[in-house]
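Below is one structure; the comments refer to it alone.
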Amino acid sequence: MSVDERLRIGLSRNALSMTPDVDTLLESALARRRRARRARWAGAAGGLAAAACALAVVVLPGGLGRDRGAPTVPADATASVDVRGRYTGEVAALPTAPSVAGRWVLEFRDAGVLVVTAPPAYPGVVSGVLYAVEGDELRTDLFSQDLCSGLSLGRYAVARTATGLTLTEVDDPCAPRVAVLAPTAWDSVP
Amino acid sequence: MDRDEERDYEWVYRAGFASVARTVFLIVGSRAVAEEITQDAFLKLLQKWSTVSDYERPEAWARKVAVRMAIRHVGRERSRPLRELRAQPRPTDPELPDPEVAHAVAGLAPMQRAAVALYYWEDRPIVEIARILQVSESTVKQHLYRARARLAVSLREEVTGDVR
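Below, the structure written as structure tokens:
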């Protein structure tokens, strides 16, 4: 057999062994687009709200002056845990997802942006991850584009420790996400 | 993007994704990485949809982007120190129907891999491969000539004729 013939047959057989789940991937692509658009709108709305507040402070100094020193948070509201910062954790291999093993870095930024740095061998998508904290509960869509595709957000009880952060599962239908986030000691890094 | 545009994009995505992903797979040698690269290329297509949707074949744009990303990926992987690569756990792909060909192609330089995938799997003419890889036709022929010679040795097959 000539090398050309061998290559045509061999490459064709190998290529056809790849059968991506196109529907799920398409849905994920469109969801990312929608999320990005929502984030842009939220940013714009936030900017407008900030501008409106600044204007109110400038225009109505007397009216608001009387309330200076009064608590701005209602008595029944709970202050949210401030998780902003960078944390690193060593994740063990999972039988169902061996590629998650290694050192992960989570950076909780303003505006609910979670920047995730995966171990070099992790082949999944970790861009465009979002989070939100309400009281001591953190919600995130980490792995929503692959390992947790089609599943709802993960909810975790979050607590600051002397060295970093702990996340305890409250409700998360995605086992790989639980296995990465919950048992790992997330140490604060500069 | 309105509903009609989204429908058009969905159609292009459904029609082209698997084909592009397979070509990328032949270049990078990993299903997971191929899927990720192809998804990134189609996300770029989505971002530029208002412009690219006017092209005659929008999926060709995504294919070109994906192939170039695949070449860059292979180049980066090859430049990583061997010790570092060995230390990382590798995602396990299911067995390939023809592992010998896959192994032989994995021994080629990134551009040679891409030229081989586009020529032998996609059956594209040299002029089109040159356009996708952004090199001259003679450079594509050179890549194919060297790749064939090397593959003939590793696969213990004979080289007959020449590329068209």
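Which chain is which? The protein sequence lines are W and S, in order.
Okay, so the first sequence: first residue is 1 according to the numbering used here, each after it adds one.
Okay, so the second sequence: first residue is 1 according to the numbering used here, each after it adds one.
By construction, the Cβ of each residue, glycine as well, lies at the ideal position given by its N, Cα and C atoms.
Quiz item: If you draw a straight line from the C-alpha of PRO71/W to the C-alpha of VAL133/W, how long is it?
Solution: Residue numbering aside, residue 71/W sits at position 71 when the first sequence is read from its first letter. Residue numbering aside, residue 133/W sits at position 133 when the first sequence is read from its first letter. Bear in mind that a pLDDT of 34 at PRO71/W, under 50, signals an unreliable position, so the model cannot answer this.
Self-check item: chain S residues whose Cβ lies nearer than 7 Å to that of LEU26/W
Solution: The sequence position of residue 26/W within the first sequence is 26, counting from 1. Ordered by position in chain S, the residues that pass the 7 Å Cβ test against LEU26/W are GLU10, TYR13 and ARG14.
Quiz item: What alpha helix (DSSP H) runs, 4 residues minimum, are completely inside the region 86 to 143 of chain S?
Solution: 99 to 106, 110 to 116 and 126 to 133
Quiz item: When Cβ atoms are compared, which residues of the region 27 to 53 of chain S fall closer than 7 Å to chain W?
Solution: SER30, ARG31, ALA32, VAL33, ALA34, GLU35, GLU36, GLN39, PHE42, LEU43 and LEU46
Self-check item: Residue range of the unbroken alpha helix (DSSP H) whose run includes LEU16/W
Solution: Position 16 of the first sequence, counting from 1, holds the residue named residue 16/W. Per DSSP, LEU16/W belongs to the alpha helix (DSSP H) from 3 to 16.
Quiz item: When DSSP builds the beta bridges, which residues end up paired with ASP187/W?
Solution: Counting from one through the first sequence, the residue named residue 187/W turns up at place 187. Answer by DSSP bridge pairing, in chain order: THR88/W and GLY164/W.
Quiz item: What span of residues does the alpha helix (DSSP H) with VAL115/W cover, start to end?
Solution: Locating residue 115/W in the first sequence gives position 115, where the first residue counts as 1. Where VAL115/W is concerned, there is no enclosing alpha helix (DSSP H), although the beta strand (DSSP E) it sits in stretches over 113 to 117.
Practice problem: Using a cut-off of 9 Å between C-beta atoms, extract the partners of LEU11/W located in chain S. | Solution: Against the first sequence, residue 11/W aligns to sequence position 11. Within chain S, the residues near LEU11/W are LEU26, ASP98, VAL101, ALA102, VAL105, VAL116, ALA117, TYR120 and TRP121.
Practice problem: Taking VAL159/S as the query, report the chain W residues whose CB atoms sit under 9 Å from its CB, ordered along the chain. | Solution: The sequence position of residue 159/S within the second sequence is 159, counting from 1. Correct list: SER2, VAL3 and ASP4.
Exercise. Just the chain S side, please: which residues come within less than 7 Å of SER17/W by C-beta, in chain order?
Key: As a working note, residue 17/W is residue 17 in the first sequence. LEU96 and PRO97, listed in chain order.
Quiz item: Beta-carbon of PRO95/W versus every beta-carbon of chain S: anything under 7 Å?
Solution: To locate residue 95/W, count along the first sequence from 1; it is residue 95. Cβ-Cβ to chain S under 7 Å: no for PRO95/W.
Practice problem: Return the CA-CA distance between ARG68/W and ARG32/W, expressed in angstroms with no decimal places. | Solution: Locating residue 68/W in the first sequence gives position 68, where the first residue counts as 1. Locating residue 32/W in the first sequence gives position 32, where the first residue counts as 1. Interpretation of ARG68/W is limited by its pLDDT of 35, a score under 50 that renders its predicted location unreliable; the figure taken from the coordinates is listed afterwards. For ARG68/W and ARG32/W, the distance between alpha carbons rounds to 42 Å.
Quiz item: Taking C-beta to C-beta, are ARG124/S and LEU133/S nearer than 7 Å?
Solution: The residue you call residue 124/S lines up with position 124 of the second sequence. The residue you call residue 133/S lines up with position 133 of the second sequence. No, the pair does not count as a contact, with Cβ atoms beyond the cut-off.
Self-check item: Terminal residues of the alpha helix (DSSP H) in which ALA21/S lies
Solution: For the purposes of this step, residue 21/S is taken as the residue at position 21 of the second sequence. 3 to 28 is the span of the alpha helix (DSSP H), which, as asked, contains ALA21/S.
Self-check item: Through-space distance from VAL65/S to ASP21/W, alpha-carbon basis
Solution: The sequence position of residue 21/W within the first sequence is 21, counting from 1. The sequence position of residue 65/S within the second sequence is 65, counting from 1. Rounded to whole angstroms, ASP21/W to VAL65/S spans 21 Å at the Cα level.
Quiz prompt | Cα-Cα separation, ARG13/W to ALA130/S | solution = As a position in the first sequence, residue 13/W is number 13, starting the count at 1. As a position in the second sequence, residue 130/S is number 130, starting the count at 1. Near 25 Å, if we compare the C-alpha coordinates of ALA130/S and ARG13/W.
Quiz item: Under three-state DSSP, which class holds ARG177/W?
Solution: Translated into the one-based positions of the first sequence, residue 177/W becomes position 177. Three-state result, ARG177/W: helix.
Self-check item: Boundaries of the beta strand (DSSP E) in which ALA132/W is found, first to last residue
Solution: For the purposes of this step, residue 132/W is taken as the residue at position 132 of the first sequence. It spans 129 to 134 - the beta strand (DSSP E) in which ALA132/W sits, taken as one unbroken run.
Quiz item: Excluding five sequence neighbours on each side, which residues of the same chain lie with their C-beta closer than 7 Å to the C-beta of VAL126/W?
Solution: Position 126 of the first sequence holds residue 126/W. VAL116 and ALA118.
Exercise. Confirm, please, whether the CB-CB distance from GLY164/W to TYR87/W is below 7 Å.
Key: Here residue 87/W refers to the residue found at position 87 of the first sequence. Here residue 164/W refers to the residue found at position 164 of the first sequence. Yes, the pair counts as a contact, with Cβ atoms nearer than the cut-off.
Exercise. Kindly indicate if chain C contains any beta-carbon less than 7 Å away from that of VAL180/W.
Key: The chain labelled as chain C is not found among the protein chains of the depicted structure, namely W and S.
Exercise. Answer yes or no: does any C-beta atom of chain W fall closer than 7 Å to that of LEU133/S?
Key: Along the second sequence, read from residue 1 onward, the residue named residue 133/S stands at position 133. With 7 Å as the cut-off, LEU133/S does not count as an interface residue toward chain W.
Exercise. Within 10 angstroms of the Cβ of SER136/S, are there 16 or more other Cβ atoms? Answer buried if so, exposed if not.
Key: In the second sequence, counting from the first residue as 1, residue 136/S sits at position 136. Exposed, since its Cβ has fewer than 16 Cβ neighbours within 10 Å.
Exercise. Given a cut-off of 7 Å, decide if GLY112/W and TYR131/W are closer than it, judged by their beta-carbon atoms.
Key: Sequence index remark: in the first sequence, residue 131/W carries index 131 (1-based). Sequence index remark: in the first sequence, residue 112/W carries index 112 (1-based). Contact: yes.
Quiz item: Quick one: is ARG22/S near chain W, going by C-beta distance under 7 Å?
Solution: Residue mapping note: residue 22/S aligns to position 22 of the second sequence, counting from 1. So yes, ARG22/S belongs to the interface.
Self-check item: Minimum C-alpha distance to GLY124/W - residue among GLY29/S, ILE37/S and PHE25/S
Solution: Residue numbering aside, residue 124/W sits at position 124 when the first sequence is read from its first letter. The shortest Cα separation from GLY124/W among GLY29/S, ILE37/S and PHE25/S belongs to ILE37/S.
Quiz item: According to DSSP, is THR19/W helix, strand or coil?
Solution: As a first step, residue 19/W must be located in the first sequence, where it is residue number 19. Here THR19/W sits in coil by DSSP.
Quiz item: Looking only at its own chain, which residues have a Cβ that is under 7 Å from the Cβ of LEU30/W, when we skip the five neighbours before and after it?
Solution: Walking along the first sequence from the start, residue 30/W turns up at place 30. Counting only Cβ-Cβ distances below 7 Å, and skipping sequence neighbours, we find nothing.
Quiz item: Based on Cα-Cα distance, which residue from GLU90/W, ALA39/W and ARG6/W lies nearest to ASP110/W?
Solution: Mapped onto the first sequence, residue 110/W falls at position 110. Of the listed residues, the one whose Cα sits closest to ASP110/W is ALA39/W.
Quiz item: Which one or two residues does DSSP pair with ASP139/W in a beta bridge?
Solution: The residue you call residue 139/W lines up with position 139 of the first sequence. It should be noted that the sequence gives Arg, not Asp, for residue 139/W. ARG139/W pairs with ALA132/W and ARG155/W.
Quiz item: Are the CB atoms of LEU167/W and LEU147/W nearer to each other than 7 Å?
Solution: Here the question's residue 167/W lines up with position 167 in the first sequence. Here the question's residue 147/W lines up with position 147 in the first sequence. No; because the gap between Cβ atoms is not below 7 Å, this pair is not in contact.
Exercise. Work out the CA separation of LEU43/S and VAL170/W for me, nearest whole Å.
Key: Counted from its first residue, the first sequence places residue 170/W at position 170. Counted from its first residue, the second sequence places residue 43/S at position 43. Distance between the alpha carbons of VAL170/W and LEU43/S: 33 Å.
Practice problem: Could you name the residues of the same chain whose beta carbon sits closer than 7 Å to that of ALA152/S, not counting the 5 residues immediately before and after it, in chain order? | Solution: As a working mapping, residue 152/S is identified with position 152 in the second sequence. Within the same chain, ALA152/S has close Cβ partners GLU158 and VAL159.
Exercise. For SER140/W, count neighbouring Cβ atoms within 10 angstroms of its own Cβ and tell me buried if that reaches 16, exposed if not.
Key: The residue labelled residue 140/W in the question sits at position 140 within the first sequence. Note that residue 140/W corresponds to Thr in the displayed sequence, not to Ser. Buried, since its Cβ has 16 or more Cβ neighbours within 10 Å.
Quiz item: Using 8 Å as the threshold, is the region 47 to 60 of chain S in touch with the region 95 to 104 of chain S, meaning 3 or more CB pairs across them?
Solution: no
Practice problem: Determine whether the Cβ of ALA109/S lies closer than 7 Å to any Cβ atom of chain W. | Solution: The count along the second sequence starts at 1 and reaches residue 109/S at position 109. ALA109/S does not count as touching chain W.
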